[in-house]
Structure formats: structure tokens, C-alpha cells
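In this note's numbering, the protein residues as written are 1 to 453.
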């Protein structure tokens, strides 16, 4: 019974913190230290939600390419239910990541972004059929060790600056250096992406280094914007806590800095989402998300250390452990990101769960005929292979006889999609019943008029 009471007590503390978002007093400091793990749990859930959202977006893009090989007949992204569901999960992850910043230091939470890579790798393997090699599993193991090292070493007590102190921090050399370096990175990736992309568009020859930089620039740009989002969100959460503590909830809307932060956050979130989707349309989700996570992690940690000056909370021993864990994590993520994106299913580590036979290493999805003939996407062309992977002629059979390969995960996703459509239909029937009724009356009137004539 004592254990149960303790759990209930800790939950009440977390609940009150989410509702009040208020600064702690000296007497409550010990409770704050005990609640750092709540921030870790919330942040981990947000990271998983982000990975699931990205994979669903990629799944929807793949699915559309298979159903409509002709680009002119493909639906725009906002009209694809699964893509919209992925966006919703991605947005929800932002809320969870933001809430976690109210419980723990930014330098403690940001390294947990590595969870996105682990979750994404597994989801991409079983939902998108992107193979995971033995090297990939080693990289993931290194990342797990790095996450543990940084979490143990990072300060669990966060600083509580006031709004005025935050404004002063914007004037410090640390923040100025942070912004300048970030702008240099964003400019470099943008220019490289546009120049190399123009070469590819004009069918000009590109070197292997240019090809890698082009692929790298999508995830890297998204990661830079994501890391800036974390830093700005931490500022917004801190201001909200300060204003509620000193003047109540209404005081939030009297702070002009909040409106500027909201505009910056909206811009950062849009740019992060834009670059991720541009990358997902061209490269495997495992690759794009890995790059995004490592840059997000580096920029986010840098923001906590340079802007919020969280380096002052480190002891010598914990600083060494934190730098070691951070460096190990970056090494693991880079090792994972430098994977061969053209590996086939024969190199897949999960031999217990074999993938369908493929004829294209850069496969984007598959559909199955009611029989033994399967079609796979090769570039922009749909080709057909038998159960052994050998290409066969489609013949004169109609495309309607071909359907998707259904796995339990596909069925779950498709069921969710159908459920959203039904829910949308019900909501619309309540929102616009008069319009439907007026249409029926109009038809009835026209029918009556025709009968009279």
C-alpha cells in the first residue's frame, strides 16, 4: 500500500506541474529534482510519436506512388489521410517535447532525440520494408549506450531564469555565437541543396561526394530547424512559467516577447516539416531521420549550453561523462547515417521476419495480385515479378485485380485510415445537414417540375 501511495503522490506532483507550469520555490527544489524522470518519460514518448509520424508520412508517399504511378494523377499530400495522420502525430510530438522541457534541463532531454532513430529504424523495417543490416544494429547499440551515458551525466536540476533574465541572455556572447553558427550551417546546406539539385535536374554529372551532400542536406536542414525549435520552445516555456508565477495566466498575453517567439516557432516547425518531407520523397526514411536526429541533437544541446548556460550546472566528472556520451552518440548516428541505402533484403538482419522478394533495391512499396504475381515500383515504372523475384509480363489483366500485400501493421494503418474517414463523414453530416437537405429538396422540386411538364 505504501508503494501505491508513493506512486499516486508522484503522479499528483506531475499533474500539478503540467497544469500550473509555475516556478519552484526553494522548499520545492527537492521535489523538482525527483520529477526530472517525468520529463524524460514525456520526451521519450514525444520522440517515438515523431518517428511514427514521419514513417506514416513516408508510407503514404510510397502508397500514392504505387496506386498512381503517373505523377499527374497523384493526390496532393494534404488529401492523403495517412499523411495527415502522420502530421498530427508529428505535431503531437512537438507538444510532448515542449511539455517535457518544463520538468528537466534541455541538455538532459535533447540527447534523448536518439530514440527517434531507434524507433524509426524498427518502424521503417516492418512498415516500409526498408532492410536493417548487422551494421545498423551495431550503430543502434552504440546509440543506446550513448543515451544512457548522457542521461546519467546531464544535470537533473534546471535553471529558472525570469523573463528579464532571458532577454539579457539574448545579448550574451554565447547566444550570438549560437545564432551565427546556425545561420552559417543553414545557408551552407541550402546553397548545396539548390546547386546540386539544379545539376540533377539538368541531368549533369555529379560526383559521389555531391550525391552524398545532396542527400545529407535534407535531413541536416530539418535537424537545424528542429534544434532551434527546441531552444526557442524552452524560452517560451520559461516565460510562461515566470508569468503565471508572478501575474497569473492572463499575464502571458501581456508579454510582447511571447508573440515573437510564437512566430519564430511556427516558422521553425514549418521549415523542419518541409525539409523532412522533401527528403522522404527522395531517400529512405531511415537515412533522412538519422541525419535529422543527429543535427537536432547537436543544435539542441548547443542551445542549452550556450544560451541557457547550463554548463554551469556540470561537475567535472559529469561534464566528462556527458561529453563522452554525446560524442559516442554522434559517432553512432554518423555510422548509421553512412549506411548503404541500396542494400537488398538478403542483407536484412531480421531473418526471422523475411521481406517480400524484390527486384529493385530502392523499392518504394509493393502490391500483390490475387495469385502468385507481384508488382513492385522500379523508379517511376511498375513492373511485375513472380514469387521468386523474376520479372514477368503483366499481360492483358486489368489493374483492378491487383491489391496491396497486407501485413498486420498494414491492416492496422489501413483500419486507422478508414476510421478517420468514417469519423470525418459523421462530423460533416452534423456540420452541414441543412446543405444536404436543401440539395434533396432541390432534386425533389426539379423532379416534381419535370413531372408537371
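Every residue, glycine too, gets a C-beta built ideally from N, C-alpha and C.
(request) Ignore the nearest five residues each way along the sequence and tell me which others in residue 408's own chain have a CB closer than 8 Å to its CB. (result) For the purposes of this step, residue 408 is identified with residue 408 of the chain shown, where counting begins at 1. Confidence at residue 408 is low in this model, with a pLDDT of 44, below 50, so the placement of that residue should be treated as unreliable; the coordinate-derived value is given next. Cβ neighbours of residue 408 beyond the five flanking positions: none.
(message) For residue 32 and residue 44, I'd like the C-alpha separation in whole angstroms.
(response) Taking the first residue of the chain shown as position 1, residue 32 is located at position 32. Taking the first residue of the chain shown as position 1, residue 44 is located at position 44. Caution applies to residue 32, whose pLDDT of 46 falls short of 50 and renders its modelled position unreliable; the value that the coordinates give is listed next. Each residue's alpha carbon lies about 19 Å from the other.
(message) Relative to the C-alpha of residue 88, which candidate in 196, 216, 54 and 247 has its C-alpha closest?
(response) If you number the chain shown from 1, residue 88 lands on position 88. Cα-wise, what sits closest to residue 88 is 54.
(message) For residue 58, which residues in the same chain have their Cβ closer than 7 Å to its Cβ, ignoring the five residues on either side in sequence?
(response) Indexing the chain shown from 1 puts residue 58 at position 58. The residues are 128, 280 and 285.
(request) Thinking residue 96 and residue 49 are a contact (beta carbons under 8 Å), I'd like their distance in whole angstroms, please. (result) Locating residue 96 in the chain shown gives position 96, where the first residue counts as 1. Locating residue 49 in the chain shown gives position 49, where the first residue counts as 1. About 6 Å separates the beta carbons of residue 96 and residue 49, which is inside the 8 Å limit, making them a contact pair.
(message) What does the alpha-carbon distance come out to for the pair residue 132 and residue 220?
(response) Translated into positions along the chain shown, residue 132 becomes position 132. Translated into positions along the chain shown, residue 220 becomes position 220. Going from the Cα of residue 132 to the Cα of residue 220 covers about 22 Å.
(request) Measure the Cβ-Cβ separation of residue 93 and residue 80 and say whether it is below 7 Å. (result) As a position in the chain shown, residue 93 is number 93, starting the count at 1. As a position in the chain shown, residue 80 is number 80, starting the count at 1. Not in contact: residue 93 and residue 80 (Cβ atoms no closer than 7 Å).
(request) Find out if the Cβ-Cβ distance for the pair residue 455, residue 104 is shorter than 7 Å. (result) Outside the modelled stretch of the chain, which goes from 1 to 453, sits residue 455, for which no answer is possible.
(request) Starting from the N-terminal side, write out each stretch of the alpha helix (DSSP H) that is 4 residues or longer and does not extend beyond the stretch 259-323. (result) 285-306
(request) Would you mind sorting residue 287 into buried or exposed? The rule is 16 or more other CB atoms within 10 Å of its CB. (result) Numbered from 1 along the chain shown, position 287 holds the residue referred to as residue 287. Classification for residue 287: buried.
(message) Judging by CA-CA distance, which residue of 318, 298, 234 and 305 is the nearest neighbour of residue 112?
(response) One-based indexing of the chain shown puts residue 112 at position 112. Here the closest residue by C-alpha is 298.
(message) So, at 6 Å on beta carbons, what are the nonlocal neighbours of residue 292 in its own chain, with the 5 sequence-adjacent residues on each side left out?
(response) Along the chain shown, one-based indexing puts residue 292 at 292. Contacts found: 219, 222 and 223.
(request) Determine the DSSP secondary structure at residue 81, reduced to helix, strand or coil. (result) As a working mapping, residue 81 is identified with position 81 in the chain shown. DSSP places residue 81 in helix when its eight states are reduced to three.
(request) Could you have a look at residue 57 and say whether DSSP puts it in helix, strand or coil? (result) Along the chain shown, one-based indexing puts residue 57 at 57. Reduced to three states, the DSSP call for residue 57 is helix.
(request) Express the C-alpha separation of residue 175 and residue 66 in angstroms, rounding to a whole number. (result) Working through the chain shown from its first residue, we reach residue 66 at position 66. Working through the chain shown from its first residue, we reach residue 175 at position 175. Going from the Cα of residue 66 to the Cα of residue 175 covers about 47 Å.
(message) Could you tell me the alpha carbon to alpha carbon distance between residue 240 and residue 270, rounded to whole angstroms?
(response) Within the chain shown, the letter at position 240 stands for residue 240. Within the chain shown, the letter at position 270 stands for residue 270. Looking at the two C-alpha atoms, the distance is approximately 23 Å.
(message) For a quick check, are the C-beta atoms of residue 153 and residue 304 less than 7 Å apart?
(response) Here residue 153 refers to the residue found at position 153 of the chain shown. Here residue 304 refers to the residue found at position 304 of the chain shown. Their beta carbons are not under 7 Å apart, which means residue 153 does not touch residue 304 by this criterion.
(request) Could you tell me if residue 300 is buried or exposed, where buried requires 16 or more neighbouring beta carbons within 10 angstroms of its beta carbon? (result) The residue you call residue 300 lines up with position 300 of the chain shown. When all chains shown are included, residue 300 counts as buried.
(request) Report, in whole angstroms, the separation of the C-beta atoms of residue 261 and residue 142, which I expect to be a contact under 8 Å. (result) Walking along the chain shown from the start, residue 261 turns up at place 261. Walking along the chain shown from the start, residue 142 turns up at place 142. Not confirmed; about 35 Å, so no contact.
(message) Which residue wins for smallest C-alpha separation from residue 210, given the options 228, 227, 191 and 226?
(response) Within the chain shown, residue 210 is the residue found at index 210, counting from 1. Nearest of 228, 227, 191 and 226 to residue 210, Cα basis: 191.
(request) Inspect the beta-carbon positions of residue 85 and residue 56 and report whether they are closer than 7 Å. (result) Position 85 of the chain shown, counted from the first residue, corresponds to residue 85. Position 56 of the chain shown, counted from the first residue, corresponds to residue 56. Taking 7 Å as the Cβ cut-off, residue 85 and residue 56 qualify as a contacting pair.
(message) Quick check: the Cα distance between residue 189 and residue 225, rounded to an integer number of angstroms?
(response) Start at 1 with the first residue of the chain shown, and residue 189 comes out as number 189. Start at 1 with the first residue of the chain shown, and residue 225 comes out as number 225. In this structure, the alpha-carbon of residue 189 lies about 12 Å from that of residue 225.
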